[in-house]
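Below is one structure, written out as structure tokens, with a few remarks after it.
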């Protein structure tokens, strides 16, 4: 009889997803008016946060480039996009959705490489949602009469969109799909640490033969974003990112007539009652804060557990964390990937140290941390009080703060006791309690017996300082529309006359040299 | 010498398969100029019965799919139609005696209509359903759900493919399955469309196509207790009031004839749905 | 009129946990006090575990582990001594072209076929943890369980007397679904008792819950606890005669119960999913689920089994591919 191997079955052999599927360029330009052009700002590098290795050199857009991009979007709006029928806009969006599906594996690998998130997540969650978002909004493009704004609502014009680094391609889809469906054109700036999938997406737009200028993607850092949202010829601003920047944008756009939606930070409460389905609640807690390394605005970063089951929940949670795998994002068995940047890692470390200093009890499972790259072990703080900083401030990393409550009313009070209001979780086997608690939570998304569920048909967005406006669903569409009567008597810019003609058969884009 | 063609045999479409009529009967389909086009199956009441059985069997799978999934499947059909444009154009030119240009326009419009309906699959609930602000500690939600099996009499004259698409697509969007009686004089597009369904991801039985005499088959479908709704769109030349009376026995939902081809509308989707309203108590203590 | 509490048969585990006079009522209160199961969340977790990628060395090891954990099964009305002999030969030499292939854990047959199995095994009959093959017999009016208790006990005793090392019993689903937990409990206790041999040792008792008929996950959780409290050594999903048979979510749930029992008492109970596991790919998902739920200590014959027949050949095909480097075919594995 063969002797049993001494190593552990749980030490799974490496199962790497190959990067051979990618054909990346060494340099990427700005995508303006259907072509990649050089940027006038100083190019910068994008690196893999897991290895710190260079991936590509990325162009940077300065104020002049922003001007060019907005002009291209404006021209495309005036001459082409606003004159297409909704059905035709929908057809372009369907094409994009299909191309994303066809190139799904490639996009997932690129996302994990550039962002640091596990390939399991980019493959099974991010990219499928991207395709779904485009599919969903494609179908709305010729049904705007049913969006809830009366007959024949109008697009706003040119939309300036700035997105974060935590779900790069998905945030791009959340922005571009409804904007285009509603008839707007777009200038979008991806985050400076995660530009890669946006640039691959630009190649997909070329394959879809989207009219030039309808979507423009300009890479750069904070200054580029600022120039973009403050550009005078922009009608709509959509921003997802930190509350601090959101505040600044709200101030700088005040009085400009620009429509604004903001999707900002959060400090969501995940409420576990004593009658919760216990094993699924543990999964929900884990998913709530460790999915995407906790880089989630709606992360369940505060566990509010009913005091009479606190010990049992914490014990089960710790046991569960011991099977989480931290490591190479491109390994198919990795559960926890890299922290996106050195800056973010420092922030997470700093706040965690504060947590210890404040007197909370810190715990992490044993983890092999690679030497290169940016990594942080999943961490739980127990004995956290509501006045601790780690209970108030958004850490945006794999760090959970555990607090207790005694009654449903107290859970609600603690959950609501924050300037944020993006999301919340409720775990209980009792329907009447779930619905009553959901009623009283001041949060834009409430998940009951689940967490981190996203769907293009489901509106997402926050209360209070988590921002305003919704993305997804019919509500997400209305963010990019105004009703026909709106502003007509206020002398605001009116929509151009609609001409019922089909787009020119011949693409006006020069054939891209391959 | 010109190449000898391989003429197609046109059969019924039931349960994802293509059987001849159990009665063995056929009838001549002639071109607009009177020349012979094909022998199409002349469906009997038993074929209609079998089609309803197949349609019922397919309801749970099709209505149980997510709206997104149904939208994907329906969009795929549009992709396949697009690929087979010339086949459909040929059939229409032969059947209806119109010009190639007119036939092309009809096919384009039919495909675009199909895409329009496909895009509703994951959104009609948002347009036709809603939460209700009842007075009391209750969660209350109204949702339109598919009614089940829909029997349809397709428009019997005019643009045959467009007429068929205009009545079949809206029923499918919400998850219903369909038994459709095609245009008697111009059934070829209907069977070709059924072939497209069979090669797409549409499960067998979701769409069933009967060719033959509407006058003969319609009463059996109208009175069938396992058919939930009856679309009399193309029945204006029949004794459709009598059909409506037959349908009344089992309280079917009935849409009256339109006289022509129905325009795409949300109402047509919602007509084949039932609105379910759910109440649930709410209490903190 | 007073209602006397129905006292249940004594079972050590139940008495220790629930305490005092073990009655129908106290048992019921305990079972109904267990945490509920959210099906959507459970199935999601199972799907997650099923998405693990087990490759190269891990896969090779997994394939061999699966074989070692198979209860190679034939449960046909048409079973004959010849069929059973053929099954045993396969159990001992799964792949005649590759004698390094491990043996299965056990053969599983109807009670009246046990003597033929024992005879065919000869010197290889024994403890699978020691590399031998044991004989498991289904009993208690398998698969329906619809017979009076004396019949079910006779069934069991006969199989044990004929040499069965393990008894796979079925619970009374009718009694369970109509809320007569005490009756289900008492039957298991009685069958366990019928597993006692003259020398005082016991045949191992696997309790088949028939999860497909229990229908809800809440019921499966309760039945799992009930079977353990009543003295079962293994909880088993299905007879394989009813669909759905074993599923990954149901097995995950049963493993969670076994994990909780271990945390509570230190005792290890075995789990056997049976029926519907036909491919290596599926079986590997189960190994992952075991390892990540209760720990890889459970991946041994006395704590985990696959109830399967066609699974073995698929594993052999995969094993052959790993050895030769090319895809294999049905001509290269034997039919039994």
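Protein chains in written order, with our numbering: chain A, 239 to 752; chain B, 23 to 307; chain C, -15 to 320. Positions of the beta carbon are idealized from the N, C-alpha and C atoms, including for glycine.
Taking a Cβ distance cut-off of 8 Å, strictly less, list which residues of the region 356 to 375 of chain A are near chain B, in chain order. 370, 373 and 374
Quick one: which chain B residues come within Cβ less than 8 Å of residue 675/A? Working through the first chain from its first residue, we reach residue 675/A at position 437. Result: 306.
Do residue 174/B and residue 255/B have their beta-carbon atoms positioned less than 9 Å apart in this structure? Position 233 of the second chain, counted from the first residue, corresponds to residue 255/B. Position 152 of the second chain, counted from the first residue, corresponds to residue 174/B. Going by C-beta atoms, residue 255/B is nearer than 9 Å to residue 174/B.
Taking all protein chains shown into account, do 16 or more other C-beta atoms lie within 10 angstroms of the C-beta of residue 97/B, making it buried, or fewer, making it exposed? Position 75 of the second chain, counting from 1, holds the residue named residue 97/B. Result: buried.
For residue 183/C, tell me which candidate among 162/C, 144/C, 163/C and 294/C has the shortest Cα-Cα distance. Counting from 1 along the third chain, the entry for residue 183/C is found at position 199. The shortest Cα separation from residue 183/C among 162/C, 144/C, 163/C and 294/C belongs to 144/C.
Determine whether the Cβ of residue 571/A lies closer than 9 Å to any Cβ atom of chain C. Walking along the first chain from the start, residue 571/A turns up at place 333. Yes, its Cβ sits closer than 9 Å to a Cβ of chain C.
Assign residue 301/B to one of two classes, buried (16 or more other C-beta atoms within 10 Å of its C-beta) or exposed (fewer than that). In the second chain, residue 301/B corresponds to position 279, counting from 1. Answer is exposed; the Cβ neighbour count stays below 16.
Alpha carbon of residue 402/A to alpha carbon of residue 420/A, nearest angstrom: The residue labelled residue 402/A in the question sits at position 164 within the first chain. The residue labelled residue 420/A in the question sits at position 182 within the first chain. Using only the alpha carbons, I get a separation of about 23 Å.
Note the first and the last residue of the continuous alpha helix (DSSP H) segment covering residue 302/A. Here residue 302/A corresponds to residue number 64 of the first chain, with the count starting at 1. Segment 301 to 317, the alpha helix (DSSP H) holding residue 302/A.
Can you find a CB in chain C that lies within less than 9 Å of the CB of residue 549/A? Start at 1 with the first residue of the first chain, and residue 549/A comes out as number 311. Output row for residue 549/A: interface = no.
Hey, is residue 9/C's beta-carbon within less than 9 Å of any beta-carbon in chain A? Locating residue 9/C in the third chain gives position 25, where the first residue counts as 1. False, the Cβ-Cβ gap to chain A never drops below 9 Å.
Does residue 521/A have its Cβ less than 9 Å from a Cβ in chain C? Along the first chain, one-based indexing puts residue 521/A at 283. So yes, residue 521/A belongs to the interface.
Straight-line CA distance for residue 214/B to residue 105/B? Within the second chain, residue 214/B is the residue found at index 192, counting from 1. Within the second chain, residue 105/B is the residue found at index 83, counting from 1. Each residue's alpha carbon lies about 13 Å from the other.
On a Cα-Cα basis, can you pick out the residue from 118/C, 163/C and 23/C that is closest to residue 232/C? Numbered from 1 along the third chain, position 248 holds the residue referred to as residue 232/C. Taking only the C-alpha atoms, the option nearest residue 232/C is 23/C.
Check this for me: beta carbons of residue 252/B and residue 260/B, under 9 Å apart or not? The sequence position of residue 252/B within the second chain is 230, counting from 1. The sequence position of residue 260/B within the second chain is 238, counting from 1. Result no, Cβ atoms of residue 252/B and residue 260/B do not sit closer than 9 Å.
If we call anything under 9 Å between Cβ atoms a contact, is residue -5/C one with residue 220/C? Counting from 1 along the third chain, the entry for residue -5/C is found at position 11. Counting from 1 along the third chain, the entry for residue 220/C is found at position 236. Not in contact: residue -5/C and residue 220/C (Cβ atoms no closer than 9 Å).
Would you mind working out which of 95/B, 86/B and 133/B sits nearest residue 108/B, comparing C-alpha positions? Within the second chain, residue 108/B is the residue found at index 86, counting from 1. Answer by Cα proximity: 133/B.
When you compare the CB of residue 330/A with every CB in chain C, is at least one pair closer than 9 Å? Position 92 of the first chain, counted from the start, is the residue given in the question as residue 330/A. Judged by the 9 Å Cβ criterion, residue 330/A is not in contact with chain C.
Mind checking if residue 412/A is an interface residue toward chain B, Cβ cutoff 9 Å exclusive? For this step, residue 412/A is matched to residue 174 along the first chain. No, residue 412/A lies away from the interface with chain B (no Cβ there is under 9 Å from its Cβ).
7 Å Cβ cut-off: residues of chain B touching residue 384/A: Position 146 of the first chain, counted from the start, is the residue given in the question as residue 384/A. The contacting residues are 149 and 288.
Spatial distance of residue 2/C from residue 288/C (CA atoms): One-based indexing of the third chain puts residue 2/C at position 18. One-based indexing of the third chain puts residue 288/C at position 304. Each residue's Cα considered, the two are about 27 Å apart.
Alpha carbon of residue 297/B to alpha carbon of residue 275/C, nearest angstrom: Residue numbering aside, residue 297/B sits at position 275 when the second chain is read from its first letter. Residue numbering aside, residue 275/C sits at position 291 when the third chain is read from its first letter. If I take the Cα positions, the gap works out to 47 Å.
Taking 8 Å as the limit between beta carbons, can you name the residues of its chain near residue 471/A, skipping five residues before and five after? If you number the first chain from 1, residue 471/A lands on position 233. Same-chain partners within the cutoff: 308, 309, 312 and 396.
Beta-carbon spacing of residue 52/C, residue 257/C below 9 Å: In the third chain, the residue the question calls residue 52/C occupies position 68. In the third chain, the residue the question calls residue 257/C occupies position 273. Contact: no.
Per DSSP, residue 86/C forms a beta bridge with which residues? On the third chain, residue 86/C is found 102 positions in, with the first residue counted as 1. BP columns for residue 86/C are empty, so no partner.
Between which two residues does the alpha helix (DSSP H) carrying residue 195/B extend? Counting from one through the second chain, the residue named residue 195/B turns up at place 173. Residues 182 to 195.
Same chain, Cβ closer than 8 Å to residue 115/B, neighbours up to 5 away in sequence not counted: Locating residue 115/B in the second chain gives position 93, counting from the first residue. Answer for residue 115/B: 121, 122 and 125, listed in chain order.
Tell me, please, which residues DSSP counts as bridged to residue 401/A. As a working mapping, residue 401/A is identified with position 163 in the first chain. None, per the DSSP bridge assignment.
Under the rule that 16 or more other beta-carbon atoms within 10 Å means buried, what is residue 216/B, buried or exposed? In the second chain, the residue the question calls residue 216/B occupies position 194. Buried, because 16 or more other Cβ atoms sit within 10 Å of the Cβ of residue 216/B.
Can you tell which of 304/B, 28/B and 86/B has its C-alpha closest to the C-alpha of residue 169/B? Residue 169/B sits at position 147 when you count from the first residue of the second chain. For residue 169/B, the nearest C-alpha among the options comes from 86/B.
Please identify, using Cβ separations under 7 Å, the residues of the region 30 to 43 of chain C that lie next to chain D, in order along the chain. Going by chain labels, chain D is absent from the structure shown, which instead holds the protein chains A, B and C.
With 9 Å set as the bound, which would you pick, yes or no: does the beta-carbon of residue 606/A sit closer than that to a beta-carbon of chain C? Residue numbering aside, residue 606/A sits at position 368 when the first chain is read from its first letter. No, residue 606/A lies away from the interface with chain C (no Cβ there is under 9 Å from its Cβ).
First and last residue of the uninterrupted beta strand (DSSP E) at residue 118/C: Here the question's residue 118/C lines up with position 134 in the third chain. 118 to 122 is the extent of the beta strand (DSSP E) around residue 118/C.
Using beta carbons (cut-off 9 Å, strictly below), is residue 312/C in contact with chain A? Taking the third chain and counting its residues from 1, one reaches residue 312/C at position 328. Cβ-Cβ to chain A under 9 Å: no for residue 312/C.
Would you check if the distance between the CB atom of residue 159/C and the CB atom of residue 165/C is smaller than 9 Å? Here residue 159/C corresponds to residue number 175 of the third chain, with the count starting at 1. Here residue 165/C corresponds to residue number 181 of the third chain, with the count starting at 1. A contact, by the Cβ cut-off of 9 Å.
Sufficient close CB pairs (3 or more, under 8 Å) joining the region 259 to 275 of chain C to the region 32 to 40 of chain C: yes
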